[in-house]
Amino acid sequence: MAIKLNAADSRPLYLQIIDEIRRAIILGTLQEGDSLPSVRELASELVVNPRTVSQAYKELEIQGIAEVRRGQGTFVTRNVYSSLNDRIAVAKRIAKKALADAKSYGVSTEQLLIMIGELTREKTGSSISIKTG
Amino acid sequence: MTIAQTAKSENYIFAVSSNGLRKNYQSRTVLEEVDIRVPFQSFYVLMGENGSGKTTILKMLMNLERADNGSVEIFGCDSKFNAAQARAQIGYVPHLAEHEYQWMTCRQFLKFVSPYYPSWDTDYCGQLANAFSLQMDTSLTRFSTGEHRRLQLITALVHRPPLLLLDEPFEGLDPLIRRKVLRLLTQHLADTPTTVLITSNQIHELESLADYIGILGSGKLVAQMSREKLHLLVRNYSIETPQDWSLPEQFSGLVMKYSSLGREQQFTLLGEESDVINRLSQSGASVKDVQPLSFEDASFALLEGAKQI
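First to last, the protein sequences are chains A and B. Going by my numbering, the first sequence opens with residue 157, and the numbers climb by one from there. Going by my numbering, the second sequence opens with residue 4, and the numbers climb by one from there.
Below you can see the structure in the form of structure tokens.
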């Protein structure tokens, strides 16, 4: 499993680790019942303070995504993205990032939406319909 | 009971602390009122330009150098009075590779130093020597700088001390070996709860291990804070200002960096975000954007800021 951290990202490292593991779950790289690398393994692979990895694993446990089995390791307990709410949460995060990027380049929200529509049409040949409300 | 165990049971917050540390070499002030605080089991990176006094502080902690004023404590004990006991608790990698005992082979040297450390782990010693690809039967005279450095790291780690004092430990190591050493250090930390005080100017290598940072600027500890604090207190402010505007004087000493592009000015400032925004707005500037910095950028900003003070 390739978990990557971005040194330019200013978010706390444990959050970045959580996101990477969540992403591996969405992509199916990690599935229910799979074991996560040990704290020692992941810490030394990423050269991250082991306490940071432990903190990420603890948080994943609180979120109900992973489970520590004594003496065996940490395991994925469920697919986080099985429910509609989870998907909405991911979509929201991606959208927020796109909006922030757009703002920093002076692109309006409308322009951004039009462009997303155009690119989708180019790629799939069919246009997307956005339902609101 | 060892000092570290005492410290733990008495709940000392700091593994290493100094109070009003001062040192002059003739008329030159090397350290001025340094109050360093290294929390128990933290990974503390001490940064500063060459000659800012980092090595002197570590030597004082090892009782290899005396302060003109002030005191240092290791796990709550004054290391001046308990030098031997304190030293047995410390894995120390000095700044300059020492060339003592050159006539020994690597194996002989390790065997020779092991009795000084009650908790010397022979198996671990073999593992580390292997991982660092050190030729056990080569004489130390034939060791390169990098090999000496690796040998020092082994001696520091192998007795699994509760405190590591590492003075530019990766200097003289080539990039691949550096990477390997960092991995081994990380594994070491996962296996053995350790407080680490490390000096380095290569912050990008250590940024994901660090949880505290101290910045030395011409003998003074100009900043010392946790990773979380650094994230909150050092931010980039993009502002637009009326003509003839200048930064209010109350910000003097808090500007870490400044740049401008066209009408927009960017300041990297030290302070609580809401407070900084208020003060900027009151001065007539309009704050367009506030961005947090990565750990590396924030520490470099502090380092640059330290030069101006």
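Yeah, the Cβ is synthetic: ideal placement off N, Cα and C, and Gly gets one too. These numbers were taken from a predicted model, which means no experiment stands behind them.
Residues bridged to residue i [DSSP beta-bridge criterion]
i	result
G220 of chain B	B:K223
T185 of chain A	None; T185 of chain A has no bridge partner.
F270 of chain B	B:Y240 and B:Y261
Q294 of chain B	B:N239
I173 of chain A	None, per the DSSP bridge assignment.
P215 of chain B	It is Tyr, not Pro, that sits at residue 215 of chain B in the sequence shown. Answer is B:Y47 and B:S229, bridged to Y215 of chain B.
S191 of chain A	A:F231
D170 of chain B	B:T202
R186 of chain B	DSSP lists no partner for R186 of chain B.
R225 of chain A	A:G229
S166 of chain A	Partner(s): none; S166 of chain A has no beta bridge.
S289 of chain B	B:E243
T108 of chain B	B:S142
V96 of chain B	B:L169
Contact set between residue i and chain A, taken where Cβ atoms lie within less than 8 angstroms
i	result
E307 of chain B	Near E307 of chain B there are no residues of chain A at all, since even the closest Cβ is about 18 angstroms away, more than 8 angstroms.
E299 of chain B	A163
H234 of chain B	S166 and P168
E210 of chain B	A163
L296 of chain B	S166
A86 of chain B	By Cβ distance, chain A contributes nothing, its closest Cβ being about 30 angstroms from A86 of chain B, past 8 angstroms.
A193 of chain B	V195, R196, A199, S200 and P206
Within chain A, the residues that residue i reaches when beta carbons sit closer than 7 angstroms
i	result
D214 of chain B	N205
F46 of chain B	N205
R186 of chain B	S200 and V203
H98 of chain B	What H98 of chain B touches in chain A: nothing, since even the nearest Cβ is about 23 angstroms away.
Under 8 angstroms between C-beta atoms of residue i and residue j
i	j	result
L166 of chain B	V19 of chain B	yes
Q190 of chain B	S200 of chain A	yes
I206 of chain B	L305 of chain B	no
I174 of chain A	L202 of chain A	no
A91 of chain B	P118 of chain B	no
V199 of chain B	F46 of chain B	yes
L86 of chain B	N66 of chain B	For the record, residue 86 of chain B in the displayed sequence is Ala; it is not Leu. Yes, Cβ-Cβ distance for A86 of chain B and N66 of chain B is below 8 angstroms.
F112 of chain B	L156 of chain B	no
L34 of chain B	L49 of chain B	no
S241 of chain B	Q269 of chain B	yes
V2 of chain B	C128 of chain B	Lying outside 4 to 312, the shown extent of chain B, residue 2 of chain B is not represented and no answer is given.
T148 of chain B	G175 of chain B	yes
V37 of chain B	I60 of chain B	yes
G308 of chain B	L283 of chain B	no
L216 of chain A	I250 of chain A	no
E208 of chain B	L185 of chain B	yes
H98 of chain B	D177 of chain B	no
V258 of chain B	L264 of chain B	no
N241 of chain A	D214 of chain B	no
Q44 of chain B	P196 of chain B	yes
L64 of chain B	L212 of chain B	no
C80 of chain B	A89 of chain B	yes
L169 of chain A	L161 of chain A	yes
Integer Cβ distance of residue i from residue j, believed to fall under 8 angstroms
i	j	result
A163 of chain A	E210 of chain B	6 angstroms
G222 of chain B	S55 of chain B	7 angstroms
P164 of chain B	G94 of chain B	4 angstroms
K183 of chain B	E243 of chain B	Incorrect: roughly 49 angstroms between the Cβ atoms, too far for contact.
S194 of chain A	G229 of chain A	6 angstroms
P295 of chain B	S166 of chain A	4 angstroms
E188 of chain A	V232 of chain A	6 angstroms
E275 of chain B	L236 of chain B	7 angstroms
F78 of chain B	V41 of chain B	Actually they are not in contact, since the Cβ atoms of F78 of chain B and V41 of chain B sit about 11 angstroms apart, beyond 8 angstroms.
L187 of chain B	A134 of chain B	6 angstroms
T265 of chain A	L255 of chain A	7 angstroms
R152 of chain B	L137 of chain B	Not really, about 11 angstroms apart at Cβ, beyond 8 angstroms.
S302 of chain B	L233 of chain B	7 angstroms
Per-residue contacts from residue i into chain A (C-beta, under 9 angstroms)
i	result
T189 of chain B	R196, A199, S200, E201, L202, V203, V204, N205 and P206
A70 of chain B	Within 9 angstroms Cβ-Cβ: nothing; A70 of chain B doesn't reach chain A, min ~31 angstroms.
H207 of chain B	A163
Segments of 3+ residues assigned as beta strand (DSSP E) that fall wholly inside the segment 9-94 of chain B: 17-28, 31-37, 40-42, 46-51 and 72-77
Whole runs of the beta strand (DSSP E) within the segment 227-267 of chain A, excluding any shorter than 3 residues: Correct list: 229-232.
Sequence ranges, alpha helix (DSSP H) only - wholly within the segment 124-152 of chain B, length at least 4: 125-134
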